[in-house]
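Engineer:
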Amino acid sequence: MTMRVRLIAALTAIALSLGAPVAASAWPGASGDQIPVASAKPGDTLAVFYSGDGGWAALDQGVTQYLADNGLPTLGVNSLSYFTTKRSPAGAAADLAQALRDYERLWGRSKVTLIGYSFGADALPAIIPHLPADLRGHIGRLVLIGTGPNGDLQFHPTSWLNIATPDAYPVRPAIAALAGMKITCVYGDAEKADICPTLPDAEVTKIRLPGDHHFNRDYAALGAAVLKASR
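Residues -17 to 213 (our numbering) make up the sequence shown, in order.
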């Protein structure tokens, strides 16, 4: 994909995300970063889904709605909005911890699946080690979708062009540092930049799906893969 096409796709995703529903209350210092997608079905697990840097776009909406429709209520995090402000690992973990406590209570769930797509997948491995120990014990599975080689806790326009910033960190060792955590990575068989296929089998369970970074826009198939991994 050329730089021009990547930029056009990213701007289109942002335009679409502007119409997405947002939560009435947001994290401290943020506005509209949370998108709760509730489920009427019973269960003991909730999910938190960190979007890509295109904002709360079609893939993020489609997958989280599929999860909620199938019994996994999901709190969405609009990464484009949230990471416009530079976050520290500890600060982002404190925000996530507060959200987990709030939504575990609200939805009556005690187990958590953390999910990240693209920018969100690259960010979560740096955030998780800073969660309180009691909440880390609630995490049954980390699902990484479309994981790249470098991560950042601040959005930069160059992210749309896959250009790493000076503050970027390598994602591979961040994943390796999550020893003992159950991790699944999901990747498209036509995606060249995804590091999932090259991660050690001892560290992650791998799910291969048709398509590129957007999985042929088959969000039901992607949602089904994520749901299966979370159980």
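Every residue, glycine too, gets a C-beta built ideally from N, C-alpha and C.
#1: Using the Cβ count rule (16 or more neighbours within 10 Å means buried), how would you classify residue 52?
#2: Using 10 angstroms around the beta-carbon of residue 80, count the other beta-carbons present and answer buried if the total reaches 16, otherwise exposed.
#3: How is residue 157 classed by DSSP in three states: helix, strand or coil?
#4: Name the residue from 105, 83, 128 and 179 whose alpha carbon lies nearest to the alpha carbon of residue 214.
#5: Give the secondary structure of residue 113 by DSSP, where H, G and I count as helix, E and B as strand, and everything else as coil.
#6: Residue 50 to residue 27, Cα distance in whole Å?
#7: Using the rule of at least 16 other Cβ atoms within 10 Å of the residue's Cβ for burial, across every protein chain shown, is residue 90 buried or exposed?
#8: The beta strand (DSSP E) that contains residue 29, what's its start and end?
#9: Please list, in chain order, all residues of the same chain as residue 127 whose beta carbon is under 6 Å from its beta carbon, the five residues on each side excluded.
#10: Exposed or buried, residue 88, counting other C-beta atoms within 10 Å across all chains shown (16 or more means buried)?
#11: Is the separation between the beta-carbon of residue 95 and that of residue 59 shorter than 8 Å?
#12: Whose C-beta lies closer than 6 Å to the C-beta of residue 164 among residues of the same chain, with five residues either side of it excluded?
#13: Counting beta carbon pairs with one atom in the segment 132 to 151 and one in the segment 61 to 74, are three or more of them shorter than 8 Å?
#14: Suppose contacts are defined by Cβ-Cβ distances below 8 Å. Is residue 186 in contact with residue 45 by that definition?
#15: For residue 37, count neighbouring Cβ atoms within 10 angstroms of its own Cβ and tell me buried if that reaches 16, exposed if not.
#16: If you scan the segment 132 to 200 from start to end, which runs of the alpha helix (DSSP H) of 4 or more residues do you find wholly inside it?
#17: Just mark residue 211 as buried or exposed, buried being the case when its beta carbon has 16 or more other beta carbons within 10 Å.
Structural biologist: The relevant details are as follows:
#1: exposed
#2: exposed
#3: helix
#4: Residue 214 lies beyond the range of the chain shown here (-17 to 213); nothing can be said about it.
#5: coil
#6: 11 Å
#7: exposed
#8: 27 to 32
#9: 99, 103 and 168
#10: exposed
#11: no
#12: 123
#13: yes
#14: no
#15: buried
#16: 153 to 158
#17: buried
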